[in-house]
Amino acid sequence: MTCLEVNPNQPGCTYDIQCEAVWPGAKCRMDSSVGTCRCPEETHVARETRDGWVCVSLKDHSTGATVPLYFVCPLPEGAGFKIALNDPDPAMGSLPVGCTVGSTATVEPVLGLHGGGACIWPSKDEYIGDIYDCIQTSPHVNLATKFPLSSYAPTADGVCCPSRALACIQPQVTGPNPTEPRWWYNSVTGKGFTISES
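Numbering follows my numbering, with no gaps: position 179 of the sequence shown is 190.
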């Protein structure tokens, strides 16, 4: 039996298995007359990337913390804020590189602030949106308001995360928990897979 697989945050499902085939734990919710795949409500939030919708974990798997992280990247699953891009220049502060979700600006619109455009390397003003996705913060916040001592632009509401292409060319690093499974759905081939490093 073949079932129609449905991506997170997309309509067209009838059964949970259609959503779980793409993202583990995702469920089909009848929000209206059409079923829509939803990420696991207590542990994940849906975020859009250039490759489609993904479920972003609200849990930092390295510490087990579930406090709002704001800077959570979908790839690799379970890595959380540790994968968000940081500029090592001390003048840029210790917060991740911010961006404005949906912006196509390749230069910062406000001199002295960062995060007002797409993914731009703050200390060099270099556009890096070709290899990093601007992912909306989790939960959604305005970064300049949430972190008033930062140099975030007033429109910054996302963080620069590795794109699927960048994440997939990186070597696997087992880290302190080498048996933790990783999950990814390849929207190009239409297949989901888990990676276990043991």
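The beta-carbon is built from N, C-alpha and C at its ideal position, and this holds for glycine as well.
Is residue i helix, strand or coil when you go by DSSP?
{"i": "Ile-28", "result": "helix"}
{"i": "Pro-101", "result": "helix"}
{"i": "Cys-179", "result": "helix"}
{"i": "Ala-155", "result": "helix"}
{"i": "Pro-51", "result": "coil"}
{"i": "Thr-13", "result": "Caution is warranted here: a pLDDT of 44 is assigned to Thr-13, below 50, making its placement in the model unreliable, and the coordinate value is therefore given only provisionally. In the structure shown, Thr-13 sits in coil (DSSP, three-state: anything other than H, G, I, E or B)."}
{"i": "Pro-19", "result": "coil"}
{"i": "Ser-209", "result": "The pLDDT assigned to Ser-209 is 47, lower than 50, so where the model puts this residue is not dependable; a value taken from the coordinates is nonetheless given after this. Of the three classes helix, strand and coil, the one that applies to Ser-209 here is coil, per DSSP."}
{"i": "Thr-111", "result": "coil"}
{"i": "Asp-136", "result": "coil"}
{"i": "Arg-61", "result": "coil"}
{"i": "Ser-162", "result": "coil"}
{"i": "Lys-38", "result": "strand"}
Of the residues the options, which one's Cα is nearest the Cα of residue i?
{"i": "Gly-127", "options": "Ser-105, Ala-155, Lys-70, Ala-102", "result": "Ala-155"}
{"i": "Asp-42", "options": "Cys-30, Ser-134, Pro-22, Ile-139", "result": "Pro-22"}
{"i": "Thr-115", "options": "Cys-66, Val-83, Arg-61", "result": "Arg-61"}
{"i": "Thr-166", "options": "Cys-145, Val-17, Glu-53, Thr-25", "result": "Cys-145"}
{"i": "Arg-58", "options": "Ala-32, Cys-171, Ile-180", "result": "Cys-171"}
{"i": "Ala-178", "options": "Asp-141, Asp-168, Val-108", "result": "Asp-141"}
{"i": "Tyr-143", "options": "Thr-117, Asn-153, Ala-37, Ser-44", "result": "Thr-117"}
{"i": "Arg-175", "options": "Val-121, Asn-153, Ala-164, Val-65", "result": "Val-65"}
{"i": "Cys-130", "options": "Asp-98, Ile-28, His-151", "result": "Asp-98"}
{"i": "Asp-136", "options": "Val-56, Glu-119, Ala-37", "result": "Glu-119"}
{"i": "Lys-157", "options": "Phe-82, Ala-102, Lys-70", "result": "Phe-82"}
Look at residue i and residue j and say whether their C-beta atoms are less than 8 Å apart.
{"i": "Gly-123", "j": "Ser-162", "result": "yes"}
{"i": "Cys-84", "j": "Pro-173", "result": "yes"}
{"i": "Thr-25", "j": "Cys-39", "result": "yes"}
At the level of alpha carbons, what is the spacing between residue i and residue j?
{"i": "Ser-209", "j": "Thr-111", "result": "Only weak support is given to the placement of Ser-209: the predicted model assigns it a pLDDT of 47, under 50, and the value that follows is read from those uncertain coordinates. Computed Cα separation, rounded: 38 Å."}
{"i": "Val-17", "j": "Pro-51", "result": "14 Å"}
{"i": "Leu-86", "j": "Tyr-138", "result": "20 Å"}
{"i": "Asp-100", "j": "Ser-134", "result": "7 Å"}
{"i": "Ser-68", "j": "Gln-147", "result": "13 Å"}
{"i": "Asn-20", "j": "Leu-96", "result": "25 Å"}
{"i": "Gly-104", "j": "His-125", "result": "11 Å"}
{"i": "Trp-132", "j": "Pro-159", "result": "20 Å"}
{"i": "Glu-31", "j": "Val-45", "result": "17 Å"}
{"i": "Gly-169", "j": "Gly-109", "result": "6 Å"}
{"i": "Cys-48", "j": "Pro-107", "result": "30 Å"}
{"i": "Gln-29", "j": "Val-121", "result": "45 Å"}
{"i": "Leu-15", "j": "Pro-35", "result": "15 Å"}
{"i": "Ile-180", "j": "Gly-63", "result": "19 Å"}
{"i": "Asp-27", "j": "Val-33", "result": "10 Å"}
{"i": "Val-152", "j": "Val-56", "result": "14 Å"}
{"i": "Lys-70", "j": "Ala-164", "result": "27 Å"}
{"i": "Ala-37", "j": "Ala-102", "result": "41 Å"}
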